[in-house]
Amino acid sequence: MHKKSSKCTGIQREILKEKECLKSLRLEWAPEDNSDVDDELVMKGLQPRRNLKELYISGNRGERFPSWMMNSLLPNLIKIEIRGCSRCQVLPPFSQLPSLQSLELWNMEVVEGMKEGSSTTNAEYFPALQLLKLNKMPKLKDCGGWVQEQSKITNCPDLTSFKLHSSPRLSTLEFEECPLLSSFELHSSPCLYEFEISDCPTLTSLGLQSSPSLSKLKIHSCPNLTSLEMPSSLGLLNYRSVIAET
Numbered sequence: 001m002h003k004k005s006s007k008c009t010g011i012q013r014e015i016l017k018e019k020e021c022l023k024s025l026r027l028e029w030a031p032e033d034n035s036d037v038d039d040e041l042v043m044k045g046l047q048p049r050r051n052l053k054e055l056y057i058s059g060n061r062g063e064r065f066p067s068w069m070m071n072s073l074l075p076n077l078i079k080i081e082i083r084g085c086s087r088c089q090v091l092p093p094f095s096q097l098p099s100l101q102s103l104e105l106w107n108m109e110v111v112e113g114m115k116e117g118s119s120t121t122n123a124e125y126f127p128a129l130q131l132l133k134l135n136k137m138p139k140l141k142d143c144g145g146w147v148q149e150q151s152k153i154t155n156c157p158d159l160t161s162f163k164l165h166s167s168p169r170l171s172t173l174e175f176e177e178c179p180l181l182s183s184f185e186l187h188s189s190p191c192l193y194e195f196e197i198s199d200c201p202t203l204t205s206l207g208l209q210s211s212p213s214l215s216k217l218k219i220h221s222c223p224n225l226t227s228l229e230m231p232s233s234l235g236l237l238n239y240r241s242v243i244a245e246t
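Using the UniProt record's numbering, you'd call the opening residue of the sequence shown number 1 and step up by one each time.
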């Protein structure tokens, strides 16, 4: 069976090497496929050229992604969407991709976090990211460093706290169905315009005091919220929409 996997990979590698103008790559595995082909080995052989701009992966059953999904090998990648890779344990260091603008992760059942980049410590975290969506990642424990301009984090039941030290470009942030999230704190988010949080029953504190541009706020189904810190420079009349429902 290993021989079968290697042969398949070799064919695929040659096919992609010929695609000099390839800008978008979509890789999908059928959910009912029970073959013994090594998905990690297959992915390893599917390295595209450096000019790739969009990458979509669905249903891969490998525990890790190949080394070609790194910053130095995909410097022009703008968009990544990954769905239903239920065995993946650690994500590549997407934060070091210099051109990445959109990252969407769906149904990643065992991912706890992202691998640290191998670049220098002075490298900016997600230097170009504008849109982030995380949905149904039950083992995710920390995502504070992932948040960018527009972020939506949904159904992450192991996420217990959220603390973001600096997010100068963050404008929209949504949290939904994080039942263990008990505290939330933002620091230096001057452009945050809209914030929504719902179905977080253990949330007790919410710190938005460093968000002077906040104009839309919605809190829903957070019955234990007892502490809400808002920007001192703003009064209630400065907000276009404030909705609080428990």
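Each residue gets a CB set at the ideal place from its N, CA and C atoms; glycine is no exception.
Excluding the 5 residues flanking glutamate 185 on each side, which residues of the same chain have their C-beta closer than 6 Å to its C-beta?
What you label residue 185 is simply residue 185 of the sequence shown in a count that begins at 1. These residues qualify, in order along the chain: Lys163 and Gly207.
Neighbourhood of proline 201 by C-beta, 8 Å cutoff - its chain only, sequence neighbours within 5 removed
Sequence index remark: in the sequence shown, residue 201 carries index 201 (1-based). Contacts found: Pro179, Ser221, Cys222, Pro223 and Asn224.
CB glutamate 78 to CB serine 95, shorter than 8 Å?
Translated into the one-based positions of the sequence shown, residue 78 becomes position 78. Translated into the one-based positions of the sequence shown, residue 95 becomes position 95. It is isoleucine, not glutamate, that sits at residue 78 in the sequence shown. No.
Whole-number beta carbon distance between isoleucine 57 and residue 313, since they are thought to touch under 8 Å:
Only positions 1 to 246 of the chain appear in this structure, which leaves residue 313 out of reach.
Between alanine 128 and arginine 169, what straight-line distance do the alpha-carbon atoms span, to the nearest angstrom?
Position 128 of the sequence shown, counting from 1, holds the residue named residue 128. Position 169 of the sequence shown, counting from 1, holds the residue named residue 169. Distance between the alpha carbons of alanine 128 and arginine 169: 10 Å.
Residues of its chain near glutamate 196, where Cβ-Cβ distance is below 7 Å and the 5 sequence neighbours each way are ignored:
Reading the sequence shown from its first residue, position 196 is the one you call residue 196. Only Glu174 and Lys218 meet the Cβ criterion.
Compute the Euclidean distance between the alpha carbons of leucine 97 and serine 215, then round it to the nearest angstrom.
The residue given as residue 97 occupies position 97 in the sequence shown. The residue given as residue 215 occupies position 215 in the sequence shown. Whole-angstrom Cα-Cα distance: 32 Å.
Just the Cα atoms here: how many angstroms apart are glycine 84 and serine 232?
What you label residue 84 is simply residue 84 of the sequence shown in a count that begins at 1. What you label residue 232 is simply residue 232 of the sequence shown in a count that begins at 1. Whole-angstrom Cα-Cα distance: 43 Å.
For glutamate 177, which option in Ser189, Glu20, Gln209 and Leu140 has the closest C-alpha, if you only look at C-alpha atoms?
Taking the first residue of the sequence shown as position 1, residue 177 is located at position 177. If we check each option's Cα against that of glutamate 177, Leu140 comes out closest.
Could you tell me the distance, in whole angstroms, from the CA atom of aspartate 38 to the CA atom of asparagine 107?
Locating residue 38 in the sequence shown gives position 38, counting from the first residue. Locating residue 107 in the sequence shown gives position 107, counting from the first residue. Taking the straight line from one Cα to the other gives about 21 Å.
Would you report the Cα separation of valine 110 and glutamine 89, rounded to the nearest angstrom?
Counted from its first residue, the sequence shown places residue 110 at position 110. Counted from its first residue, the sequence shown places residue 89 at position 89. Taking the straight line joining both Cα atoms gives about 5 Å.
Expressed to the nearest angstrom, what Euclidean distance is found between the alpha-carbon atoms of leucine 132 and glycine 113?
By one-based count along the sequence shown, residue 132 stands at place 132. By one-based count along the sequence shown, residue 113 stands at place 113. In a straight line, the C-alpha of leucine 132 is about 15 Å away from that of glycine 113.
Contact under 8 Å by Cβ, serine 161 with serine 188
On the sequence shown, position 161 is the one that residue 161 refers to. On the sequence shown, position 188 is the one that residue 188 refers to. In this structure, serine 188 does not lie closer than 8 Å to serine 161 by Cβ.
Go ahead and pull the three-state DSSP assignment for glutamate 81.
To locate residue 81, count along the sequence shown from 1; it is residue 81. Strand, per DSSP.
Would you kindly work out how many angstroms separate the C-alpha atoms of aspartate 199 and arginine 49, rounded to a whole number?
Locating residue 199 in the sequence shown gives position 199, where the first residue counts as 1. Locating residue 49 in the sequence shown gives position 49, where the first residue counts as 1. Straight-line Cα distance between these residues: approximately 43 Å.
When Pro75, Leu73, Pro93 and Leu55 are compared against arginine 64, the one with the closest alpha-carbon
The residue given as residue 64 occupies position 64 in the sequence shown. Closest option to arginine 64, Cα to Cα, is Pro93.
Quick one: using the 10 Å Cβ neighbour count with 16 as the cut-off for buried, is methionine 151 buried or exposed?
Looking up residue 151 in the sequence shown gives position 151. The question names methionine, yet the displayed sequence has serine at residue 151. Burial call: buried.
Note down the Cα distance separating cysteine 191 from glutamine 130, rounded to an integer number of angstroms.
For this step, residue 191 is matched to residue 191 along the sequence shown. For this step, residue 130 is matched to residue 130 along the sequence shown. Using only the alpha carbons, I get a separation of about 13 Å.
In the DSSP assignment, find the alpha helix (DSSP H) that holds leucine 97 and state where it starts and stops.
On the sequence shown, residue 97 is found 97 positions in, with the first residue counted as 1. Looking at the DSSP string, leucine 97 is not in any alpha helix (DSSP H), and its letter there is neither H nor E.
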